[in-house]
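Okay, so the sequence shown: first residue is 1121 according to our numbering, each after it adds one. Note that the Cβ used here is the ideal one computed from N, Cα and C, for glycine as well. Here is the structure we will look at.
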Amino acid sequence: MLPSDLRNNIRRGDHNTHTSGVCQHYVQANLVVIPKEYAFDFLLFTIRNPKSCPIIEVLEAGQFESKYAEGSDIRTDIPLYHVYEHGQLTDKKHRIDDGWKDDFVSFLIGCSFTFESQLIKGGIPLRHIEENKNVAMYKTSIPTEKAGVFEGSTVVSMRPVPDALVQKAADITSLFPEMHGAPLHVGDPGEIGIDDITQPDFGDFVGIKDGETPMFWACGVTPQAVALQAKIPYMITHAPGHMFVTDWKNDEYLNGK
């Protein structure tokens, strides 16, 4: 499926689930929408925390079409949105155009779903895709670097990888620095504050078999954890695992286009 077809399906309400494993050869992105008043603080936060918040694009206040997806509308082209008010999740919506304001600034942040097709090409199995599940995501004890009102803990995504392929997976994902890059941690989840690996904070647990190692990558859900602490009046994000899919091909990204 082409990303434009997927976005149209989402806009019509025909696709309302996660985008893991969908349009695998195209760049996917996380979304953060905040009032212009807080945009500089958040931009500074992303600069100070590039592993968890690698910026792909910043849209001007009020704009909603991405340069990486002609004819797109970030208000309608994501399967599910989360709305935060004063640090509380207050609503889950399938479109946000009804309450759109001219002072909303939108940030598109790199997503680890982008490098998954490259992992599969490299012979690295991804069980959540095989089982049509969302990737498992966890809050950690790894602090982010504060910027203005924004601070909090880093969120990571986890994929179990056969022991013999751990280094290969790290090498492949290091080619995607704007999509979280190389893993943040490999091995014992307790070392980064995850007490129960079977209970992700977001997404679905798919098990870790004998001969597999859990690998953890910084995750674009981090801004949602940060929103809970910042308690700014209003903030919209994608729901975990429900991404904005661009027309930007992974190969074009790798070739610097």
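Using a 10 Å radius around the Cβ and a threshold of 16 neighbouring Cβ atoms, would you call Phe1165 buried or exposed?
Counting the other Cβ atoms within 10 Å of the Cβ of Phe1165 gives 16 or more, which makes it buried.
Would you call the CB atoms of Pro1334 and Ile1356 closer than 8 Å?
Not closer than 8 Å, so no.
Bridge partners of Asp1211, per DSSP?
Val1203
Assuming Met1257 and Cys1173 form a contact by the criterion Cβ under 8 Å, report the distance between their Cβ atoms to the nearest whole angstrom.
Not confirmed; about 15 Å, so no contact.
Terminal residues of the continuous alpha helix (DSSP H) containing Asp1161?
1159 to 1168
Rounding to the nearest angstrom, what Cα-Cα distance links Leu1285 and Ile1244 in this structure?
7 Å
Is it buried or exposed for Thr1260, if we count other Cβ within 10 angstroms and need 16 for buried?
Buried.
To which residues of the same chain is Ala1350 closer than 6 Å at the C-beta, ignoring the five residues directly before and after it?
Contacts found: Val1269, Phe1270.
To the nearest angstrom, how far is it from the Cα of Gln1427 to the Cα of Cys1231?
Here the chain has residues from 1121 to 1377 only, and residue 1427 is not among them.
List the DSSP bridge partners of His1358.
Tyr1201
For Thr1210, count neighbouring Cβ atoms within 10 angstroms of its own Cβ and tell me buried if that reaches 16, exposed if not.
exposed
Using only CA atoms, which one of Ile1292, Phe1336, Val1153 lies nearest to Gly1313?
Phe1336
Who are the near neighbours of Phe1325 in its chain, counting only those whose CB is closer than 6 Å to its CB and skipping five residues on each side?
Ala1256, Thr1318
Helix, strand or coil for Gln1148? Go by DSSP, reduced to three states.
strand
On a Cα-Cα basis, can you pick out the residue from Ala1302, Pro1280, Glu1372 that is closest to Gly1331?
Pro1280 is the residue among Ala1302, Pro1280, Glu1372 whose C-alpha sits nearest the C-alpha of Gly1331.
Give the secondary structure of Phe1364 by DSSP, where H, G and I count as helix, E and B as strand, and everything else as coil.
strand
Does the beta-carbon of Ile1229 have 16 or more other beta-carbons within 10 angstroms, so that it is buried, or is it exposed?
It counts as buried.
List the residues that DSSP assigns as beta-bridge partners of Trp1337.
DSSP output for Trp1337 lists Ser1277 as bridge partner(s).
On a Cα-Cα basis, can you pick out the residue from Lys1156, Val1341, Pro1320 that is closest to His1202?
Val1341
Look up Pro1303 in the DSSP assignment and say whether it is helix, strand or coil.
coil
Specify, as a first and last residue, the run of the alpha helix (DSSP H) that Ser1140 falls within.
Counting along the chain, Ser1140 falls outside any alpha helix (DSSP H), and DSSP gives it neither H nor E.
Helix, strand or coil: which one does DSSP assign to Gly1230?
strand
For the pair the region 1134 to 1149 and the region 1357 to 1374, tell me if three or more CB-CB distances fall below 8 Å.
Using a Cβ-Cβ distance cut-off of 8 Å, the region 1134 to 1149 and the region 1357 to 1374 are in contact, since at least three pairs of beta carbons, one from each stretch, lie closer than that value.
Please report the Cβ distance between Leu1179 and Val1147, rounded to the nearest whole angstrom; I am assuming they are in contact, meaning their Cβ atoms lie under 8 Å.
Not confirmed; about 16 Å, so no contact.
From Glu1250 to Lys1329, what does the alpha carbon distance come to, in whole angstroms?
15 Å
With which residues is Glu1265 paired in a DSSP beta bridge?
Per DSSP, none; premise fails for Glu1265.
Ser1237: which of Leu1295, Thr1274, Gln1287 sits nearest, CA to CA?
Leu1295
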